[in-house]
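Just below is one structure, and these are the notes that go with it.
Protein chains: 4
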Amino acid sequence: MNDRIRVAVLGRNGRMGSEAVRAVEDAPDLELVAALGRGDDLQDVVDAGAQVVVDLTVPSATRENVRFAVAHGLHAVVGTTGWHDDALAQLRDQLAEAPGTGVLIAPNFAVGAVLAMKFSELAAAFFDSVEIVELHHPRKLDAPSGTASRTAELVGRSRERAGRGASPDATESDPLGARGADVAGVHVHSVRLQGLVAHQETLLGNTGEQLTLRHDSFDRVSFMTGVLLGVRSVAEHPGLTVGLDGYMDLGL
Amino acid sequence: MNDRIRVAVLGRNGRMGSEAVRAVEDAPDLELVAALGRGDDLQDVVDAGAQVVVDLTVPSATRENVRFAVAHGLHAVVGTTGWHDDALAQLRDQLAEAPGTGVLIAPNFAVGAVLAMKFSELAAAFFDSVEIVELHHPRKLDAPSGTASRTAELVGRSRERAGRGASPDATESDPLGARGADVAGVHVHSVRLQGLVAHQETLLGNTGEQLTLRHDSFDRVSFMTGVLLGVRSVAEHPGLTVGLDGYMDLGL
Amino acid sequence: MNDRIRVAVLGRNGRMGSEAVRAVEDAPDLELVAALGRGDDLQDVVDAGAQVVVDLTVPSATRENVRFAVAHGLHAVVGTTGWHDDALAQLRDQLAEAPGTGVLIAPNFAVGAVLAMKFSELAAAFFDSVEIVELHHPRKLDAPSGTASRTAELVGRSRERAGRGASPDATESDPLGARGADVAGVHVHSVRLQGLVAHQETLLGNTGEQLTLRHDSFDRVSFMTGVLLGVRSVAEHPGLTVGLDGYMDLGL
Amino acid sequence: MNDRIRVAVLGRNGRMGSEAVRAVEDAPDLELVAALGRGDDLQDVVDAGAQVVVDLTVPSATRENVRFAVAHGLHAVVGTTGWHDDALAQLRDQLAEAPGTGVLIAPNFAVGAVLAMKFSELAAAFFDSVEIVELHHPRKLDAPSGTASRTAELVGRSRERAGRGASPDATESDPLGARGADVAGVHVHSVRLQGLVAHQETLLGNTGEQLTLRHDSFDRVSFMTGVLLGVRSVAEHPGLTVGLDGYMDLGL
Numbered sequence: 001m002n003d004r005i006r007v008a009v010l011g012r013n014g015r016m017g018s019e020a021v022r023a024v025e026d027a028p029d030l031e032l033v034a035a036l037g038r039g040d041d042l043q044d045v046v047d048a049g050a051q052v053v054v055d056l057t058v059p060s061a062t063r064e065n066v067r068f069a070v071a072h073g074l075h076a077v078v079g080t081t082g083w084h085d086d087a088l089a090q091l092r093d094q095l096a097e098a099p100g101t102g103v104l105i106a107p108n109f110a111v112g113a114v115l116a117m118k119f120s121e122l123a124a125a126f127f128d129s130v131e132i133v134e135l136h137h138p139r140k141l142d143a144p145s146g147t148a149s150r151t152a153e154l155v156g157r158s159r160e161r162a163g164r165g166a167s168p169d170a171t172e173s174d175p176l177g178a179r180g181a182d183v184a185g186v187h188v189h190s191v192r193l194q195g196l197v198a199h200q201e202t203l204l205g206n207t208g209e210q211l212t213l214r215h216d217s218f219d220r221v222s223f224m225t226g227v228l229l230g231v232r233s234v235a236e237h238p239g240l241t242v243g244l245d246g247y248m249d250l251g252l
Numbered sequence: 001m002n003d004r005i006r007v008a009v010l011g012r013n014g015r016m017g018s019e020a021v022r023a024v025e026d027a028p029d030l031e032l033v034a035a036l037g038r039g040d041d042l043q044d045v046v047d048a049g050a051q052v053v054v055d056l057t058v059p060s061a062t063r064e065n066v067r068f069a070v071a072h073g074l075h076a077v078v079g080t081t082g083w084h085d086d087a088l089a090q091l092r093d094q095l096a097e098a099p100g101t102g103v104l105i106a107p108n109f110a111v112g113a114v115l116a117m118k119f120s121e122l123a124a125a126f127f128d129s130v131e132i133v134e135l136h137h138p139r140k141l142d143a144p145s146g147t148a149s150r151t152a153e154l155v156g157r158s159r160e161r162a163g164r165g166a167s168p169d170a171t172e173s174d175p176l177g178a179r180g181a182d183v184a185g186v187h188v189h190s191v192r193l194q195g196l197v198a199h200q201e202t203l204l205g206n207t208g209e210q211l212t213l214r215h216d217s218f219d220r221v222s223f224m225t226g227v228l229l230g231v232r233s234v235a236e237h238p239g240l241t242v243g244l245d246g247y248m249d250l251g252l
Numbered sequence: 001m002n003d004r005i006r007v008a009v010l011g012r013n014g015r016m017g018s019e020a021v022r023a024v025e026d027a028p029d030l031e032l033v034a035a036l037g038r039g040d041d042l043q044d045v046v047d048a049g050a051q052v053v054v055d056l057t058v059p060s061a062t063r064e065n066v067r068f069a070v071a072h073g074l075h076a077v078v079g080t081t082g083w084h085d086d087a088l089a090q091l092r093d094q095l096a097e098a099p100g101t102g103v104l105i106a107p108n109f110a111v112g113a114v115l116a117m118k119f120s121e122l123a124a125a126f127f128d129s130v131e132i133v134e135l136h137h138p139r140k141l142d143a144p145s146g147t148a149s150r151t152a153e154l155v156g157r158s159r160e161r162a163g164r165g166a167s168p169d170a171t172e173s174d175p176l177g178a179r180g181a182d183v184a185g186v187h188v189h190s191v192r193l194q195g196l197v198a199h200q201e202t203l204l205g206n207t208g209e210q211l212t213l214r215h216d217s218f219d220r221v222s223f224m225t226g227v228l229l230g231v232r233s234v235a236e237h238p239g240l241t242v243g244l245d246g247y248m249d250l251g252l
Numbered sequence: 001m002n003d004r005i006r007v008a009v010l011g012r013n014g015r016m017g018s019e020a021v022r023a024v025e026d027a028p029d030l031e032l033v034a035a036l037g038r039g040d041d042l043q044d045v046v047d048a049g050a051q052v053v054v055d056l057t058v059p060s061a062t063r064e065n066v067r068f069a070v071a072h073g074l075h076a077v078v079g080t081t082g083w084h085d086d087a088l089a090q091l092r093d094q095l096a097e098a099p100g101t102g103v104l105i106a107p108n109f110a111v112g113a114v115l116a117m118k119f120s121e122l123a124a125a126f127f128d129s130v131e132i133v134e135l136h137h138p139r140k141l142d143a144p145s146g147t148a149s150r151t152a153e154l155v156g157r158s159r160e161r162a163g164r165g166a167s168p169d170a171t172e173s174d175p176l177g178a179r180g181a182d183v184a185g186v187h188v189h190s191v192r193l194q195g196l197v198a199h200q201e202t203l204l205g206n207t208g209e210q211l212t213l214r215h216d217s218f219d220r221v222s223f224m225t226g227v228l229l230g231v232r233s234v235a236e237h238p239g240l241t242v243g244l245d246g247y248m249d250l251g252l
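Respectively, the protein sequence lines represent chains A, R, X and H.
Each residue of the first sequence is one higher than the last, beginning at 1 in full-length UniProt numbering.
Each residue of the second sequence is one higher than the last, beginning at 1 in full-length UniProt numbering.
Each residue of the third sequence is one higher than the last, beginning at 1 in full-length UniProt numbering.
Each residue of the fourth sequence is one higher than the last, beginning at 1 in full-length UniProt numbering.
Here you go:
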């Protein structure tokens, strides 16, 4: 088929990269034209005729990879972390000179996690109370999770914009810290349980009603739905997009 | 306070109406200027200087109530059922002649239920599978619930727009009907359990991940959050709005 | 009907007592023969021919009420708090002299809460990880709830008996206390949310599986199921029983 | 270490068998002395000095395997299906002649699933309403699941013993079958969702309260907890035991 999108995967030996190689190969509308590991020559991507580069490498490599792609007119879908404000600003400058080229940088490619976060932010303005419970496997080193902290910050900002104060809370005695962490005015609770992977609930309450938004990530392979969505949509979104929700037509 | 919104409640003796009377009285930014029951004279509402009329009466009365309100330049917030297409068309015509006046007709005033339905519709486009479980007290006469059917229809339409077919399902043997109802291509399951009030879950699944949107309605008083939101916002929304989500600033 | 159980309720004006009056009246196999408030004469209970006394009074009155009942050969079902070890020991002594008489003292009459606690204790011996999440209305003054603390203690003791150590937990960084309280080696998390009443989850995890035991208390009336179970069963359980689970035939 | 239990695994190439080989090798108190596949000689198990045989083969082989084991004084832990009443009766006869030997036949080795089923049975006697929701991946061929049907039967029998009738249900109109299957008088609902593995909820309701018992099986490896429990306990349970709960000290 001539009109399949030609895709190159960078970081083919990593956990995410190897899943991406498989996912692109399995997708009937995509064609894997190159898959590079550490030390391979980026020029191969151009020679193979790639249209979209998927970067799932490491923070020390991702900036140069994306710079190279944009310089050669290739779109990029990036799941690597390490893009701080300076790096984003430089990339925006470069893209201003390459008007048809699109780059998506997404900290999370699980469609459900992205929606849960977005819906939490939207709903938080309409409820008296909001709290977050995140649940992970017991090998996790930090609490709360990065996703829970980001969700709490989005929720906190949304409530501020809506002129809402803190959730009501009459607690006078909590000697052992059962009420958990306070992140941006939102209580966050971290459960660690054998058997779990990565799960999060946003609990919202008004008088007489509750809204619960829960995301379960059972397997890393869930990220691939979002990577493929990115690959298929990046050409229609010139310039820089941060966050997969920018590609999800929520009518927002 | 001079700038409180002056509110009249129609249907003050009904279950919803009596809650609304109490809620308006309790709200510091609202003033209850009239509360009418069956047989009372609508002119009282005008004489009392009401700005917003809340109609929580019965299908046989609501059309005339709203017609009267609009004819006198009063905004209306309507929770009564019975507004079929003809009635809505006539109301739209009347409102075209009353440019500053707003009417909100909402089948459901529970903010959480409205958001759960909206989020279900939005998310359905991004998942392989969607099913709905609704749970109610065992005195309910019909299954599935009206809310579940409406949600399934919105979900079904959303998936059609996104070019998604039916959820995958290899079931070959189901002699007892355990797979539940099919509404607009979406499986709907109805649980009836002592102790429950009204609850609904939309379950969405992709490879490796699940998104769950759950609404619990514990008490009819939950509707008041939405009624008050309507009263406070109706003046800023001239013309006819159907559905509380039209007043919820989701960035839509 | 001659063979209905004749019941007296003490504390008829309290929240629990008034519910109990109604529940006894509504039960076809029970007959309410007396309902006493503060200051009424206990002798009325005897004169009315009561067989079972339900004590839902206050800590300062309950001991004398039960002493009086046992002295007159009446069974007692007690929901009042304030029974410390000394009081229980004295009651046991008194019951040793009244061989046919039964007393049930139960801190919690919600059948589901009692079972959730019992099942948590039983299951805890078979799982690598156990944590508890309790969720209450935001007017609650203390965290964690008494029920959650008691459950954690039962769980902790059960794990000790089974030779199980602490749940695995690699957390190195938790600057804000997201991991919650440690009660008897079990993490307990307290959520406070508008709209909720009293809810609790015990989460248990092994490699590849999770068991969740959740109890929702939507309304105080849930206690009546247990009170009636107590009234109907107390005559078959001579002596002192502490905890409603002593009357629940779990085959345990 | 001399006092490790010496274990032989039959069916080493199957999905369950290969997991069992790994689990026995990883357990410090067990020693894998033999692992047989199709066509291997059972005598190897005896020659290797096995004390416990784990049978995870196929229905056509399991009876002869267990007969051989018992004839040689070896304990057996059996996860293979296909043990109908006749086969069990013959095995009981054989075991009557081999007084010290124990055999465990378990249809389900996931500790959490076994407990969820047992707790459902116990709790069902104390609630007005019980329903079951099972959720599986969409490649499953039959609905409801075997585990859900068995749970419903246990629940139904438990309610019968307690003199409880059907759960209350006023449903008059259910044209699409949303109320699901009726198994032994218990409503069972089957959800099929991409991303899921095997999950089940028993929902129990009384006036004002709900008890939810949920089991999530995320990975087949969850069965190994039960297999190892069986291997470690079989010597202490001479004769035939059907069901892992017979080895779980619930105080039953």
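C-beta: ideal position from N, C-alpha, C; glycine also.
Between the CA atoms of residue j and residue i - distance to the nearest angstrom
{"i": "X/L196", "j": "X/K140", "result": "11 Å"}
{"i": "A/L192", "j": "A/A116", "result": "Contrary to the premise, residue 192 of chain A reads as Arg rather than Leu in this sequence. C-alpha separation (whole angstroms): 20 Å."}
{"i": "X/Q43", "j": "X/G11", "result": "15 Å"}
{"i": "X/D174", "j": "A/H136", "result": "14 Å"}
{"i": "R/D26", "j": "H/D249", "result": "56 Å"}
{"i": "X/G73", "j": "X/G17", "result": "22 Å"}
{"i": "X/S120", "j": "H/A143", "result": "30 Å"}
{"i": "H/A71", "j": "H/H84", "result": "20 Å"}
{"i": "X/M1", "j": "X/Q51", "result": "Note that X/M1 scores a pLDDT of 46, beneath 50, so its modelled location is shaky; the value from the coordinates is reported in the next line. The alpha-carbon atoms of X/M1 and X/Q51 are separated by roughly 15 Å."}
{"i": "R/E172", "j": "R/R159", "result": "24 Å"}
{"i": "X/V24", "j": "X/D40", "result": "20 Å"}
{"i": "X/D219", "j": "X/H187", "result": "27 Å"}
{"i": "H/N108", "j": "H/L244", "result": "7 Å"}
Exposure of residue i, with buried meaning 16 or more beta-carbon neighbours within 10 Å
{"i": "X/R63", "result": "buried"}
{"i": "H/P28", "result": "exposed"}
{"i": "A/Q90", "result": "exposed"}
{"i": "R/G163", "result": "exposed"}
{"i": "R/L252", "result": "Any reading at R/L252 needs caution, since the residue's pLDDT is 46, under 50, leaving its predicted position unreliable; the model's value is listed next. Looking at its Cβ environment, which holds fewer than 16 other Cβ atoms inside 10 Å, R/L252 is exposed."}
{"i": "A/E131", "result": "buried"}
{"i": "X/E201", "result": "buried"}
{"i": "A/T147", "result": "buried"}
{"i": "R/E236", "result": "exposed"}
Proximity of residue i and residue j at Cβ, strictly below 7 Å
{"i": "A/E97", "j": "A/V221", "result": "no"}
{"i": "H/A48", "j": "H/A34", "result": "yes"}
{"i": "A/V7", "j": "A/V231", "result": "yes"}
{"i": "X/Q194", "j": "A/G205", "result": "yes"}
{"i": "H/A125", "j": "H/G156", "result": "no"}
Beta-bridge pairing of residue i - partner residues as DSSP gives them
{"i": "X/V188", "result": "X/I132, X/A181"}
{"i": "A/E31", "result": "A/R6"}
{"i": "A/E209", "result": "A/N206, R/S217"}
{"i": "H/G102", "result": "H/G239"}
{"i": "A/D41", "result": "BP columns for A/D41 are empty, so no partner."}
Distance cut-off 6 Å: residue i Cβ against heavy atoms of the ligand GDP
{"i": "H/G73", "result": "Absence of the ligand GDP from the depicted structure is noted, as is the absence of any ligand whatsoever, leaving it without description."}
In the stretch 46-81 of chain H, which residue ranges form an unbroken alpha helix (DSSP H) of at least 4 residues, counting only runs that do not cross its ends? Taken in chain order, the complete alpha helix (DSSP H) segments of 4 or more residues contained in the stretch 46-81 of chain H are 59-71.
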